[in-house]
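Student:
Okay, structure coming up:
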């Protein structure tokens, strides 16, 4: 997945300890069955917090979880509805920000009798069900949290209308409310196609159509969708007055129940909306008994940055909206973590105080979001942070791969624009949560101070673990290694993702390092670790001229044989089946620094008292007869630094018993002299 990217904002504080005041628990008013909230009319929507809700002692577990223990579903709240006629009713929790379990019950007190239940609606963590109710019977609706979670609940309910719009002539007229929205739930049982009816172009194998009509009062853009339907819908928009009509838009919802089209309408024109059943796996068609939910809305009001929704204080802040019909503006930059993102909506936040760790999250949204934060006054803005996919394991929800989350410090009166886009072009129910965060991990193993000789490197390891009460650390973890004292971020030397080991370059002087570790929940800085560089022993390099005559040199060579890249000490023993890593580090003769030279590598293999020599030609080993003039080059024309590292061999020495000797050296291109490990 796409990495979490942070861009520096001057003056921001990186980390402080967050203290959360303790408060008294206040259970929701409808925590118990006897206090169930009454549903009087349809359509019905109610929003509430379920935090601190509990189960009653005699409350039964839903059959959705009859094979599990009671710890898997709790934190319940209650609603009630008395049917005014024999009717079919739908209930859903779309827009809620946690993993819900929805069930319908009969009776007057615990233990009740369950009528229907649903855990997850398709690939969404919210719930949706339909139930047939009898006139005069009181039904109790229970909403619980999977694994005992709680959060902000949105409950929707609506009655299901019968099939009256099978033919174009009987199309149901769409009349939007004051908020320019419309929703209808109906049963499409026994729906059929008319004889001269054209089928939708986005899937020719569709049948069982029903019809709606809408006359635009103004030139406008509207969004039609079938979100929460329970069969594979094909949604299309048509113009004309009788069959055959002319199609202007079509969507098959990628073979699923949620189709959506956004269309530009002309004032005074009547448009016909057709919903049919599409083909599913194996070439078959779904039975025409599906439950259809059709909605019409206007595009998001915050589609453009000029109309960004203002995030209020104090937090936490929660906003739920349908992003159907969202577009990109002219001049709008793409998020760096997902350049193909589209369908953006905007929010605006200006904190009134400094925050050390503010979390922006789309956890619980119904589509694959991209979250990015920006600064500026107009397009093109400057990106501050970006996240595409994050693995989130929280008390509210477990969501893998499609949610987005960014955590970062914010400064007082520093205006931030929040862009929520779509990674795949899909839109749907967006949940944006903004709250002061608590880091879910801590450093448990700090890098150790160590001493090395000059022209050696060191492996610095840092360990993390989840803080108390956290099931698993949110991924990914980002490691930013800096040179200098802890907190001095002026010399960034390495950025690693999900890699806790940093290998320093070859060092010639004592050097300090520290690491800043971040994930979507927060940031923490390590202490300073000091790598002390001690003086080398007497130089062991050997120099010869082109004729083989000795030349004095102060070059120093250090060989290393390990079985792992993380090891910094020579291993005492190796097995024939081990992967062996052989390398050299060299302190270059002071007279040759910044000169051009060829790198030479020679190997000797002794077996049964006979030694065979090989030289490396690039990456290929070739036999060598010992003639200096015939030495080939492993690497040409290298500008010699003060210290140089030369990889020699990586692989297995299986079935090769004997003694191996390796020589590494360099030959300045200005003459034929050679300086090598003696």
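Residue numbers (our numbering): 1 to 678. Glycine is no exception: its CB is placed at the ideal position from the N, C-alpha and C atoms. Computed from a prediction, not measured in an experiment: that's the story for all the values here.
Relative to the alpha-carbon of residue 261, which residue among 176, 77, 226 has its alpha-carbon at the smallest distance?
Tutor: Minimum Cα distance to residue 261 is reached at 226.
Student: Rounded C-beta distance between residue 80 and residue 44? I'm assuming under 8 Å.
Tutor: That belief does not hold up - the Cβ atoms of residue 80 and residue 44 are roughly 12 Å apart, past 8 Å.
Student: Quick check: the Cα distance between residue 89 and residue 36, rounded to an integer number of angstroms?
Tutor: Looking at the two C-alpha atoms, the distance is approximately 18 Å.
Student: Using the Cα positions of residue 312 and residue 241, report the straight-line distance between them to the nearest angstrom.
Tutor: Computed Cα separation, rounded: 48 Å.
Student: DSSP three-state label for residue 64, please.
Tutor: DSSP places residue 64 in helix when its eight states are reduced to three.
Student: Answer with buried or exposed for residue 413, where buried requires no fewer than 16 other C-beta atoms within 10 angstroms of its C-beta.
Tutor: The residue is exposed, with fewer than 16 neighbouring Cβ atoms inside 10 Å.
Student: According to the Cβ coordinates, are residue 49 and residue 101 closer than 8 Å?
Tutor: The answer is no: Cβ separation not under 8 Å.
Student: Whose C-alpha, out of 456, 363, 488, 252, is nearest the C-alpha of residue 433?
Tutor: Among 456, 363, 488, 252, the Cα nearest to that of residue 433 belongs to 363.
Student: Given a threshold of 16 other Cβ atoms within 10 Å of its Cβ, counted over all protein chains shown, does residue 119 qualify as buried or as exposed?
Tutor: When all chains shown are included, residue 119 counts as buried.
Student: Distance check for residue 163 and residue 39, CA to CA, integer angstroms please.
Tutor: The alpha-carbon atoms of residue 39 and residue 163 are separated by roughly 25 Å.
Student: Can you give me the C-alpha to C-alpha distance between residue 109 and residue 130, rounded to a whole angstrom?
Tutor: Going by the C-alpha atoms only, they are around 23 Å apart.
Student: Return the residue from the list 441, 353, 215, 390 that minimises the CA-CA distance to residue 174.
Tutor: The shortest Cα separation from residue 174 among 441, 353, 215, 390 belongs to 215.
Student: Is residue 190 near residue 243, with beta carbons less than 8 Å apart?
Tutor: Cβ distance not < 8 Å, so residue 190 and residue 243 don't count as in contact.
Student: Could you pull the start and end residues of the beta strand (DSSP E) that residue 189 belongs to?
Tutor: Careful: residue 189 lies outside any beta strand (DSSP E) and carries neither H nor E.
Student: Please classify residue 607: is it buried, with 16 or more other beta-carbons within 10 angstroms of its beta-carbon, or exposed?
Tutor: The residue in question, residue 607, is exposed, as its Cβ has fewer than 16 Cβ neighbours within 10 Å.
Student: For residue 633, which residues of its own chain have a beta-carbon under 6 Å away from its beta-carbon, when the five flanking residues on both sides are left out?
Tutor: Correct list, in chain order: 598.
Student: Taking the alpha-carbon positions, what's the residue 30 to residue 366 distance?
Tutor: The straight-line gap from Cα to Cα measures roughly 27 Å.
Student: Taking only runs that begin and end inside the stretch 37-61, name each unbroken alpha helix (DSSP H) of 4 or more residues, in chain order.
Tutor: Runs of the alpha helix (DSSP H) inside the stretch 37-61: none found.
Student: Cβ atoms of residue 650 and residue 577: under 8 Å apart, would you say?
Tutor: Not a contact, by the Cβ cut-off of 8 Å.
Student: Looking only at its own chain, which residues have a Cβ that is under 7 Å from the Cβ of residue 679, when we skip the five neighbours before and after it?
Tutor: As shown, the chain starts at 1 and ends at 678. That puts residue 679 outside it, with no answer to give.
Student: Is residue 334 near residue 341, with beta carbons less than 8 Å apart?
Tutor: Result yes, Cβ atoms of residue 334 and residue 341 sit closer than 8 Å.
Student: With distance defined between alpha-carbon atoms, name the residue in 477, 630, 549 nearest to residue 521.
Tutor: The shortest Cα separation from residue 521 among 477, 630, 549 belongs to 477.
Student: Among the residues of its own chain, which have a CB less than 6 Å from the CB of residue 156, if the five just before and after it don't count?
Tutor: Taken in chain order, the residues that qualify are 45, 92.
Student: Which of the three DSSP states is assigned to residue 311 in this structure?
Tutor: Residue state, collapsed to three classes: coil.
Student: In whole angstroms, give me the CA-to-CA distance for residue 159 and residue 290.
Tutor: Near 15 Å, if we compare the C-alpha coordinates of residue 290 and residue 159.
Student: For residue 435, which option in 491, 355, 500 has the closest C-alpha, if you only look at C-alpha atoms?
Tutor: For residue 435, the nearest C-alpha among the options comes from 355.
Student: On the criterion of 16 or more Cβ atoms from any shown chain inside 10 Å, does residue 623 qualify as buried, or is it exposed?
Tutor: When all chains shown are included, residue 623 counts as exposed.
Student: Below 6 Å CB to CB, which residues in the same chain sit around residue 509 once its five sequence neighbours on both sides are set aside?
Tutor: 533.
Student: Output the boundary residues of the beta strand (DSSP E) element that contains residue 116.
Tutor: Note, residue 116: beta strand (DSSP E), 113-118.
Student: Which ranges would you report for the beta strand (DSSP E) in the stretch 216-280 if only whole runs of at least 3 residues count?
Tutor: Counting only runs of 3 or more, we get 220-225, 233-239, 246-251, 260-265, 270-277.
Student: When the Cα atoms are used, what is the spatial distance from residue 572 to residue 526?
Tutor: Answer to the nearest angstrom: the Cα atoms are 33 Å apart.
Student: Pick out whichever of 574, 601, 675 has its Cα sitting closest to the Cα of residue 656.
Tutor: Among 574, 601, 675, the Cα nearest to that of residue 656 belongs to 574.
Student: Per DSSP, what kind of secondary structure is residue 170 in: helix, strand or coil?
Tutor: It is helical.
Student: Between residue 373 and the rest of its own chain, which residues show a CB-CB distance below 8 Å, the 5 nearest in sequence each way excluded?
Tutor: Excluding sequence neighbours, residue 373 sits near 360, 383, 384, 385, 386, 406, 408, 416, 417, 418, 419.
Student: Measuring CA to CA, which of 274, 345, 273 is closest to residue 299?
Tutor: The shortest C-alpha separation from residue 299 is found at 345.
Student: Relative to the alpha-carbon of residue 74, which residue among 55, 84, 60, 86 has its alpha-carbon at the smallest distance?
Tutor: Of 55, 84, 60, 86, the residue nearest in Cα terms is 55.
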